[in-house]
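Colleague: In order, the protein sequences belong to chains A and B. Each residue of the first sequence is one higher than the one before, starting from 1 at the first, in my numbering. Each residue of the second sequence is one higher than the one before, starting from 1 at the first, in my numbering. What follows is a structure written as structure tokens; I'll ask about it next.
Number of protein chains: 2
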Amino acid sequence: MGGDHAPGPEVAGCVQAVREHGVRIVLVGDEPRLRTELRRLQAAPPGLVIHHASEVITMRDAPGQAVRSKRDSSMRVAFELVRRGEAQAVVSCGNSGAMLACGLLVLGRLPGVERPGIVLTFPTLSRSGRIGQCALLDMGANTECRPVTLAQFAVLGATFARLHNPQLGRPLVGLLSNGEEESKGTELLREAHALLRRPVPCDFDYVGFVEGQDVFQFARQEAHGGRCLDVVVTDGFTGNVVLKTAEGAAHLLGDLFRQQVRGSLLGRLGALLMLPTLRRMRQVIDVERRGGALLIGVAGVVIICHGRSSPRAISAAIALAREQAEAGIAPAVTAAMERHRALWSTAS
Amino acid sequence: MGGDHAPGPEVAGCVQAVREHGVRIVLVGDEPRLRTELRRLQAAPPGLVIHHASEVITMRDAPGQAVRSKRDSSMRVAFELVRRGEAQAVVSCGNSGAMLACGLLVLGRLPGVERPGIVLTFPTLSRSGRIGQCALLDMGANTECRPVTLAQFAVLGATFARLHNPQLGRPLVGLLSNGEEESKGTELLREAHALLRRPVPCDFDYVGFVEGQDVFQFARQEAHGGRCLDVVVTDGFTGNVVLKTAEGAAHLLGDLFRQQVRGSLLGRLGALLMLPTLRRMRQVIDVERRGGALLIGVAGVVIICHGRSSPRAISAAIALAREQAEAGIAPAVTAAMERHRALWSTAS
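Here is the structure:
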């Protein structure tokens, strides 16, 4: 109920997800409004039930306070369903700060996790032309971080990457900095780097400091079997800057392309011929296909969607939720945190 | 002499700059090698003289130490020429940390400047289709900053923007954060924001927190006369992340485009028809056209170029150096720092 245009796109996205992915969905929110939306769509899929909740956490609400005071808000009620095991994951386009607060207050952190993080995937392209995905975290749960938190994010990110892509093996993990050399970075980053390069057994390969471009095309990939990075670790402030800058640069290029095409007859004809090519390219960089971001480190599967998500994006987010729930992200994180304790043990 | 492929591209860039921009150039470095390069180019332009320097600061050198110990390095000697008024600007593709150290040690800071910054311009596109430039600083001189430093960067950036574009009037200045709301940002950013919104007379319009995408296309431009941002202020760590992420995203899109075009006959034909369109687009985003970045806040004009700059980029950097020298960036900064003292006076 808390998305920018809720609950229209949310209900349509759920209907699409039931049809496309065969999931079963509990729609939590104002029952009359949800029924109206379903009637408008002339949809009554068998796998979709409504659970009434009388309150709404809005985008303007202060997250912690709203989660505590609005006990019958659609968001909080949905999280309670997950806590009680009546649902296996929660997906929402609502206030992302409140999603984090619900994750912490209602579900709680998994054993050993200092701070949950938000993971989002970015498209990558290897030099041999292979298209893949790089998981970046934290995307905004923690504006400021401690070295231990960043070291833990490497473990969380690697665990996500392996469940997201079962063929992966050992994920390649980098720490985002302003240069590759060990002398670069802030004090925080140099301390996190010191933890991550400890000679202890790991499920992933830590490659050291990486730079912004390495998220998309890993500069040192030849030294790592021609592979792109699977995980890039950063604090929530910098993660937000990376996301917004990448989207901004892509938008600028798209708009410049359209502007130049419009101004030329040859350009228009060329673009017409290229339509299928441009569509295939669009599929790779399509942010709607990834659906949402995973809140990782809490005792449950939580997918945070953009406030203005389309039905298609919401359906994709639900598919991601099911993938992570079926793969067992929570027990996998608990086990991975225990296995990698030596990375940060005396430091925390 | 300190660029990655020096002195070949440097000499060729200088020859091009003399021809294109009619500047007079002192080539500082190993005289026999510079003469060899000039002979190879069969160039002896009248405006180009050689000043011998026996040492070289390399990319591996520790900046501060190298600048102090290599007194006859090409970089240090070039800075000395500027300090003595025998040259009006210095341009180099060498070790950028050493460039900063030379700026501080040889030229010194301008009155009132706490820390010099590095300014680089990014292409912008307004909703009405106007292409412009946004100056981002700091691009790496200061990995960690104080609130006063960021407030001063707003003044430095606005001064650069006005000299770079004399038609500008009052520059629009934003502070890069992870959201527009005043509650966003780190403590550093909220303190810098508190300084910049002080009700004191300014030569620029401060718009508050902005996000990564606003560097390219300002989201709130309608509220500001349909204009894009002229200046975005950030610390040197985040500035580096913005630059590398934007370049990485653009590269990814370019490579995906080429990959998809190669795989399709229609795509190839379309791309052929679109060549002039793609070339015009390329001109807008061409990083070689901006040449280099300005080290602002020191007593002289200093342009820092990429270590692997092409002759074309070096010629463009020389044109930028002349522009800033002729426009009088150093006296303009001194006057602006004095005029805007009230922004940070009791806080520093």
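Cβ coordinates follow ideal geometry from the N, Cα and C atoms, glycine included. Remember, it's a predicted structure, so these values are computed and weren't measured experimentally.
(1) If we count the other Cβ atoms within 10 Å of its Cβ and call it buried at 16 or more, is H193 of chain B buried or exposed?
(2) Please confirm whether F373 of chain B has its beta-carbon closer than 8 Å to some beta-carbon of chain A.
(3) Answer with yes or no whether the minimum CB distance from R280 of chain B to chain E is below 8 Å.
(4) Expressed to the nearest angstrom, what Euclidean distance is found between the alpha-carbon atoms of E180 of chain B and R197 of chain B?
(5) When we look at the beta-carbon of V241 of chain B and count the other beta-carbons within 10 Å, is it buried (16 or more) or exposed?
(6) Can you pull out the residues from the segment 45 to 70 of chain B whose beta carbon lies closer than 7 Å to at least one beta carbon of chain A?
(7) Which two residues bound the contiguous beta strand (DSSP E) that contains P46 of chain B?
(8) Relative to the C-alpha of G174 of chain A, which residue among A:Q167, A:P199, A:Q152, A:D205 is closest?
(9) On a CA-only basis, which of A:R190, A:I50, A:E80 is nearest C145 of chain A? Give me that one, please.
(10) Mind checking L243 of chain A: buried by the 16 CB within 10 Å criterion, or exposed?
(11) For H306 of chain B, does the three-state DSSP call read helix, strand or coil?
(12) Quick check on this structure: which residue in B:A12, B:H21, B:E10 has the alpha carbon closest to the alpha carbon of A319 of chain B?
(13) Which residues of chain B have a Cβ atom closer than 7 Å to the Cβ of E211 of chain A, listed in chain order?
(14) Let's see if you can read the secondary structure: which residues bound the beta strand (DSSP E) around S315 of chain A?
(15) Just curious, the alpha helix (DSSP H) that G132 of chain B is in, first and last residue?
(16) In the structure shown, what three-state DSSP assignment does G248 of chain A receive?
(17) Let's see if you can read the secondary structure: which residues bound the alpha helix (DSSP H) around L196 of chain A?
(18) Using a Cβ-Cβ cut-off of less than 7 Å, list which residues of the segment 303 to 334 of chain B approach chain A; keep chain order.
(19) DSSP three-state call for R282 of chain B: helix, strand or coil?
(20) What does V92 of chain A pair with, by DSSP beta-bridge criteria?
(21) Could you tell me which of A:G208, A:I329, A:V11, A:V26 sits nearest to N165 of chain A, measuring between CA atoms?
(22) Can you tell me where the beta strand (DSSP E) holding G174 of chain B begins and where it ends?
(23) On a Cα-Cα basis, can you pick out the residue from A:S92, A:Q42, A:P45 that is closest to D4 of chain A?
(24) By a C-beta neighbour count over all protein chains shown, 10 Å radius and 16 as the cutoff for buried, is A158 of chain A buried or exposed?
(25) Based on DSSP bridge pairs, tell me the residues matched to V261 of chain A.
(26) Take R280 of chain B and list the residues in its own chain whose beta-carbon comes closer than 6 Å to its own, dropping the five residues that flank it on each side.
(27) Spatial neighbours of A332 of chain B within its chain, please: CB distance less than 7 Å, with the 5 preceding and 5 following residues excluded, ordered by chain position.
(28) What first and last residue would you give for the beta strand (DSSP E) that runs through P123 of chain A?
(29) Out of A:A271, A:A87, A:T245, A:G140, point me to the one whose CA is closest to R322 of chain A's CA.
(30) Roughly how many angstroms lie between the CA atoms of C14 of chain A and D255 of chain A, to the nearest whole one?
(31) Given a limit of 7 Å on CB to CB distance, which residues of the segment 248 to 265 of chain A reach chain B?
(32) Indicate whether the contact test is met: 3 or more Cβ pairs, each with one atom in the segment 122 to 136 of chain B and one in the segment 261 to 280 of chain B, closer than 8 Å.
(33) Give me the chain A residues within the contact set of V215 of chain B, using Cβ-Cβ distance strictly less than 8 Å, ordered along the chain.
(34) For F209 of chain B, which of B:Q221, B:R227, B:E182, B:C228 has the nearest alpha-carbon?
(35) What residues in its chain sit with their C-beta under 6 Å from that of A89 of chain A, if we drop five residues either side in the sequence?
(36) Quick one: which chain B residues come within Cβ less than 8 Å of P276 of chain A?
Modeller: Walking through what the data contain:
(1) buried
(2) Outside the displayed span of chain B (1 to 348) sits residue 373 of chain B, for which this structure offers no information.
(3) Absent here is chain E; the protein component of the structure consists of chains A and B.
(4) 14 Å
(5) buried
(6) none
(7) First-last for P46 of chain B: undefined, no H or E at that position.
(8) A:D205
(9) A:R190
(10) buried
(11) coil
(12) B:H21
(13) K244
(14) Run containing S315 of chain A: none in the beta strand (DSSP E); it sits in the alpha helix (DSSP H), 311 to 327.
(15) Per DSSP, G132 of chain B belongs to no alpha helix (DSSP H); it is in the beta strand (DSSP E), 131 to 137.
(16) helix
(17) 187 to 196
(18) none
(19) helix
(20) One point to set straight first is that residue 92 of chain A is Ser, not Val, in the sequence displayed. For S92 of chain A, which the question treats as bridged, DSSP gives the partners A:I304.
(21) A:I329
(22) 172 to 176
(23) A:S92
(24) buried
(25) DSSP output for V261 of chain A lists no bridge partner at all.
(26) none
(27) T159, L163
(28) 117 to 125
(29) A:A87
(30) 31 Å
(31) G248, A249, A250, H251, L252, L253, D255, L256, F257, Q259, Q260, V261, S264
(32) no
(33) T245, G248
(34) B:E182
(35) V301, A321, A325
(36) S264, L266, G267
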